[in-house]
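Position in the sequence shown (first residue = 1) + 11 = this note's numbering. All C-beta atoms in this analysis are idealised placements derived from N, C-alpha and C, irrespective of residue type, glycine included. Note that the structure is predicted; figures quoted are calculated from it, not measured. I have placed the structure first, in the form of structure tokens, so that the comments after it can refer back to it.
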Amino acid sequence: MEATIKVVLLGDSSVGKTSIVTRLKSGKFLAKHAATIGAAFITKTIEVPSNDSSTEKRIHMEIWDTAGQERYKSLVPMYYRDANIALIVFELGDVSSLQCAKTWFQDLQDRAQGTQVIIVGNKYDLVCEEHSGEVTIPAELQGLPYVAVSAKTGYNFDTLNKIIISLVPESQFKTLSKNNEQGNILEINKKKSGSGCIC
Ligand SMILES: Nc1nc2c(ncn2[C@@H]2O[C@H](COP(=O)(O)OP(=O)(O)OP(=O)(O)O)[C@@H](O)[C@H]2O)c(=O)[nH]1
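Written out as structure tokens, the structure reads:
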């Protein structure tokens, strides 16, 4: 079974959206300094762990990394339109980026109600462990799935992947295309025999 989903990253400039995408895609951290211009797109396939090999599942993710800089803000709705999942990213220890996350959530509620939201607090490696649990999530964002990660160290990316997987509804999964091809071949053969063709 396969599902294709569109994932978009939203959040203030420099909170680490591109670094999260890179970590999701390649498991690496590149100390990147250039800000994203407009948006960037990558694809990533993840296997859904299962005990039963007959129900193997794969999720193809189309991941859109948007620019956090103010001057590109008006373009962003174009990228979150039709997204199944939005990762709204803020930087742990940076209150203004958390306020910005609130604004993005409001935007999605106004313009993309079908999009499921995950709140991601990034740069866990920069905050002291004993203080990292003290993030006060604004009331508007409470109840949404939340995970603290570090794109630099890879901390909690397994949890982030699990949350993404859990948000893909069963109805989104379609039978593997290989089976569809087999189905088509059977259909062609049936038509041939029906028309009396012997070639
Ligand atoms: N220490 C630390 N630095 C990080 C982490 N994630 C990203 N950074 C750094 O933060 C800076 C900004 O990261 P980007 O991934 O470019 O941020 P962005 O949100 O894509 O920025 P825009 O393209 O402007 O929207 C870079 O210097 C990264 O190396 C992290 O988990 N820990």
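Distances from the alpha-carbon of E81 to those of H71, T114, R69 and K55 put T114 closest.
Between Y91 and T126 the beta-carbon gap is near 6 Å, inside 8 Å, which marks them as a contact. The continuous beta strand (DSSP E) containing Q127 extends over residues Q127 to N133. In this structure the region 18-34 touches the region 106-113; the number of beta carbon pairs closer than 8 Å is three or more.
Judged by pairs of C-beta atoms under 8 Å, the region 114-123 does not touch the region 26-42, as fewer than three such pairs exist. Across the structure, D121 and A42 are spaced so that their CA atoms are roughly 35 Å apart.
Take the alpha-carbon of H44 and the one of G104: they are about 20 Å apart. In the three-state scheme derived from DSSP, where H, G and I count as helix and E and B as strand, E13 is classed as strand. Here DSSP, grouped into helix, strand and coil, assigns L152 to helix.
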